[in-house]
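Student: Attaching a single structure in structure tokens format; questions to follow.
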């Protein structure tokens, strides 16, 4: 049995998840009675993976309790606000071996980490029609040969990825050199993989059925899966909106981020058929638009 480890990426602000992301990182949201990142840690441990590292940044202090509760390691990415996920990968680059690289905000109904694989793979779901995701082309052996942003009726990257030792060794050398470039710092590690796909050991596609990997890009999507959020969003910002407009939380929806930086929050939302704007630039202003 190959010894495996895991890295959970949890540094980002998840600005599309306003207003909930203002108060806590997305990975610390409770979904159907379980904290997202805690559920994932438990699934990894059930699969026999004890060496788990969290890469945190935004509201890093809120993750601290997990070290004592689950015995995980925590690495802080101070560059989370100015660079993309390459800045998280570079901080744990020496930990890459037979490694799961995960996102803290994924929800797996069943444990996807139990089955062992000798090959590197990227998880994928199928999109019917047009999609703006990273779409995969494979050969007859299921190995990924090309990745393009956007496509139609295609398998696309989502969820966890597994690096085997051979892939990790090759990727580490490339990533260390690439990270010297500003363009790389501003991008995703997947973009580095795409640029060097012909030079790296082959990674195969790991296809999943609809519903086997879930990610919630907005409060509206989360409400479809966990209906408890319809009547109680657990958000002081939403409660403030409801108090001022004299509406119920279930009436407030279609949240769309305009800007979220530090304590400054600016987003749009709907109440019934009426659009509103929330802006905290000069005190809290909630206005109809």
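In our numbering, the protein residues as written are 293 to 581.
From the three backbone atoms N, C-alpha and C, an ideal C-beta is built for every residue, glycine too.
Here the structure is a predicted model, which is why all the values come from computation and not from measurement.
Which one of 374, 559, 440 has the shortest CA to CA distance from residue 510?
Tutor: For the purposes of this step, residue 510 is identified with residue 218 of the chain shown, where counting begins at 1. Its Cα nearest to that of residue 510, the residue 559 stands out among 374, 559, 440.
Student: Would you identify the three-state DSSP class for residue 445, choosing helix, strand or coil?
Tutor: Position 153 of the chain shown, counted from the start, is the residue given in the question as residue 445. Residue 445 falls in the strand class under three-state DSSP.
Student: Start and end of the alpha helix (DSSP H) containing residue 362?
Tutor: Residue mapping note: residue 362 aligns to position 70 of the chain shown, counting from 1. 357-362 is the extent of the alpha helix (DSSP H) around residue 362.
Student: How long is the line joining the alpha carbons of residue 529 and residue 515, rounded to whole angstroms?
Tutor: Along the chain shown, read from residue 1 onward, the residue named residue 529 stands at position 237. Along the chain shown, read from residue 1 onward, the residue named residue 515 stands at position 223. Cα-Cα distance, rounded: 17 Å.
Student: On the DSSP letters alone, give me the boundaries of the beta strand (DSSP E) that residue 413 sits inside.
Tutor: For the purposes of this step, residue 413 is taken as the residue at position 121 of the chain shown. Unbroken beta strand (DSSP E) run through residue 413: 412-430.
Student: Would DSSP call residue 368 helix, strand or coil?
Tutor: The sequence position of residue 368 within the chain shown is 76, counting from 1. DSSP places residue 368 in strand when its eight states are reduced to three.
Student: Is residue 470 buried or exposed, if buried means 16 or more other CB atoms sit within 10 Å of its CB?
Tutor: As a working note, residue 470 is residue 178 in the chain shown. Per the 10 Å Cβ criterion, buried.
Student: I'd like to know whether the C-beta atoms of residue 339 and residue 403 end up nearer to each other than 8 Å.
Tutor: Locating residue 339 in the chain shown gives position 47, counting from the first residue. Locating residue 403 in the chain shown gives position 111, counting from the first residue. Taking 8 Å as the Cβ cut-off, residue 339 and residue 403 qualify as a contacting pair.
Student: For residue 550, count neighbouring C-beta atoms within 10 Å of its own C-beta (all shown protein chains included) and say buried if the count is 16 or more, exposed if not.
Tutor: Translated into the one-based positions of the chain shown, residue 550 becomes position 258. Answer is exposed; the Cβ neighbour count stays below 16.
Student: Rounded C-beta distance between residue 335 and residue 392? I'm assuming under 8 Å.
Tutor: To locate residue 335, count along the chain shown from 1; it is residue 43. To locate residue 392, count along the chain shown from 1; it is residue 100. Their Cβ separation, rounded to whole angstroms, is 10 Å, which puts residue 335 and residue 392 out of contact at 8 Å.
Student: Count the other CB atoms, across all protein chains shown, that sit within 10 Å of the CB of residue 317; report buried if there are 16 or more and exposed otherwise.
Tutor: Residue mapping note: residue 317 aligns to position 25 of the chain shown, counting from 1. Looking at its Cβ environment, which holds 16 or more other Cβ atoms inside 10 Å, residue 317 is buried.
Student: Three or more C-beta pairs closer than 8 Å, one from the stretch 414-432 and one from the stretch 372-384: is that the case here?
Tutor: Output reads no: the stretch 372-384 does not touch the stretch 414-432.
Student: Use the C-beta contact count for residue 448: other C-beta atoms within 10 angstroms, 16 or more gives buried, fewer gives exposed.
Tutor: Numbered from its first residue, the chain shown carries residue 448 at position 156. Residue 448 is buried by the Cβ-count criterion.
Student: Going by DSSP, what residue range makes up the alpha helix (DSSP H) through residue 521?
Tutor: For the purposes of this step, residue 521 is identified with residue 229 of the chain shown, where counting begins at 1. Counting along the chain, the unbroken alpha helix (DSSP H) around residue 521 starts and ends at 520-523.
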